[in-house]
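Numbering (my numbering), first residue to last: 27 to 651. Take a look at the structure set out below.
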């Protein structure tokens, strides 16, 4: 007769192996249960970390940033040059238009010294409140970059007609010699005193130095200075770019708006305007909510410190094997981005304090907030990427789910086919991109550069295209290019890509159909933990395993006495064999991947057996004849 302990264990094994409908299920082993408990604990901790990270990231942005940028865009970009000329900053085409913008819409937008009824708006002397709400910080700065003469080659036949030649902007072509009247900083080259990055314009990459000057704090004096520079030709044929930089602060929403208006003067003539508006929150700790975010930042730092220790410990334990797992590389990326974010937060706080001190000590100087605004924007972009990968990492903790396992198996199994298909796809894709650039590049904006051609073709695949412009550029090659591209790329190649994934998924799904599902184990574990919690809180009476068995029987769950005795005997014999095998070294476990290989091998053997049977039947028929 079995002891009481063995009987309880047999009843436990029976309960573990029976589902709600009476079907026999795989047993939840102790190692598997421990693995799932550890995974669920890690998932819970990671969800807390992810929640903290999301609170921090959403605390950096607000809808007010959009509206502040919008009103500034309308003020400086869409205001006409005059009552009769409806040209604005975005549609300027000549140097004359640019001077009119400087003397008109720019000064009108910068200096707001009176209300609509001519009452003064300035609370302090010589201060401007743009739109009555945004304090202009310091004074604006205007800077230009020039190139030297003879920076291009003239064809010999035209040298008699052209004595000067100014090519495209290059850093090595910069003209740093003083010019004009040479009596002011506007006529002398100055290097940047800050760590401002180079500006990546539409047609060039420009350094941070140049011929620069600041506008006075009154509209009248600023206008006089601009008229003086215009009369003495401050803009010449060697001018390649002019920057207008200024900053403002809105105390109502605690936001800085850092503006840069850029006009490039290409070697082809004319002007190309562009602009940047950065609404950023540089003063972090003002309201009670900001201090709540500060506490979240402290929690974030503690999480990162703990994760770093865990990863270092894992590296020491696994050594080279640590770098073979893609999830570990993702962990390293997240930690590097997080450490850089913490360091930038500290640097930004110190730098903003320094700039504010300089601004308060000398309000007639230009405060270079562009450097902080530029890097704050890049910081926001980096945090956005960090949050994206942080959400992706959740898949690491739910990989025990059958659907997720099918997805990962499908992608890993069809990886080689997709790589082969990608080579063929991009050969055809880049061939069409070069064809479009060479045929339409000089007339269609979407094909003006090779990079634009690549993105334009992706847009064509998604259904966003302008066929009329292509046809207008070339009435013969335009329709041929469009029709053949849509046919081969959209109808043929994309459907091949979908077919590869679809066929692989069907194979994976067929393999998984013969594998016992383990999804129920998670629900069993959660139910057991829930019942234990109720028992500890004395909200539920602890029942024995035998009582649970009879309760299942009362609920109509299939279990006759014979079935129960058979189940007990099977469970007892299984436990005896397990103990015997454990004492002799333990059973060899079969992994999930090995089981899949075995299933495919069995399927191939069945197919070959059918072929052999068919051939034998044919031989027997021929012999009978």
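Where a beta carbon is used, it is the ideal one built from N, C-alpha and C, also for glycine. Fair warning: this is a prediction, and the values are worked out from it, not measured in the lab.
| Item | Value |
| --- | --- |
| Span separating the alpha-carbon of residue 440 from that of residue 493 | 36 Å |
| Inter-stretch contact (C-beta, 8 Å, three-pair minimum) for the stretch 154–162 and the stretch 378–386 | no |
| Residue range of the alpha helix (DSSP H) that includes residue 505 | 503–511 |
| Candidates 185, 126, 199, of which the one nearest residue 177 by Cα | 199 |
| Residue 498: first and last residue of the uninterrupted alpha helix (DSSP H) it sits in | 493–499 |
| Member of 563, 230, 510, 620 whose CA lies at the smallest distance from the CA of residue 173 | 230 |
| Cα-Cα separation between residue 561 and residue 553, rounded to whole angstroms | 12 Å |
| Residue 68 and residue 423 closer than 8 Å at C-beta | yes |
| Buried/exposed call for residue 369, threshold 16 Cβ in 10 Å | exposed |
| Validate contact between the stretch 332–352 and the stretch 127–134 using beta carbons, cut 8 Å, 3 pairs | no |
| Beta bridge counterpart(s) of residue 563 as assigned by DSSP | According to DSSP, which records beta bridges pairwise, residue 563 is partnered with nothing at all. |
| Boundaries (first-last residue) of the beta strand (DSSP E) holding residue 300 | 298–306 |
| CA-to-CA distance, residue 453 to residue 648, given in whole angstroms | 53 Å |
| Coarse secondary structure for residue 168, derived from DSSP in three states | strand |
| Alpha carbon of residue 634 to alpha carbon of residue 623, nearest angstrom | 17 Å |
| Proximity of residue 322 and residue 163 at Cβ, strictly below 8 Å | no |
| C-alpha distance - residue 74 paired with residue 265, whole-angstrom precision | 55 Å |
| C-beta atoms of residue 228 and residue 284 nearer than 8 Å | no |
| Where residue 228 sits in the DSSP three-state scheme | coil |
| The stretch 100–109 touching the stretch 352–362, judged by at least three CB pairs closer than 8 Å | no |
| Range covered by the beta strand (DSSP E) that runs through residue 395 | Looking at the DSSP string, residue 395 is not in any beta strand (DSSP E), and its letter there is neither H nor E. |
| Bridge partners - residue 238, DSSP secondary structure assignment | 169 |
| Contact the stretch 498–513 vs the stretch 457–470: 3+ CB pairs below 8 Å | yes |
| Buried versus exposed call for residue 436 [16 or more other C-beta atoms within 10 Å across all chains shown] | buried |
| Distance, residue 529 Cα to residue 580 Cα | Any answer about residue 580 is weak, because its pLDDT of 48 lies below 50 and its placement is not dependable; what the coordinates show is given next. C-alpha separation (whole angstroms): 47 Å. |
| Cα-Cα separation, residue 627 to residue 444 | 24 Å |
| With 16 other Cβ atoms within 10 Å as the buried cut-off, status of residue 420 | exposed |
| Residue of 288, 317, 563, 113 minimising C-alpha distance to residue 86 | 317 |
| Extent of the continuous beta strand (DSSP E) to which residue 276 belongs | 265–276 |
| Run of the beta strand (DSSP E) containing residue 283, from where it starts to where it stops | 281–290 |
| Distance CB(residue 215)-CB(residue 225) smaller than 8 Å | no |
| Helix, strand or coil at residue 140 [DSSP, three-state] | strand |
| Which residues DSSP lists as bridging residue 163, in chain order | 273 |
| Three CB pairs or more closer than 8 Å across the stretch 359–373 and the stretch 382–392 | no |
| Residue 234 to residue 109 span [Cα, whole Å] | 36 Å |
| Whole-angstrom C-beta distance between residue 171 and residue 288, which should lie under 8 Å | At roughly 11 Å, the Cβ-Cβ gap does not stay under 8 Å, so residue 288 and residue 171 are not in contact. |
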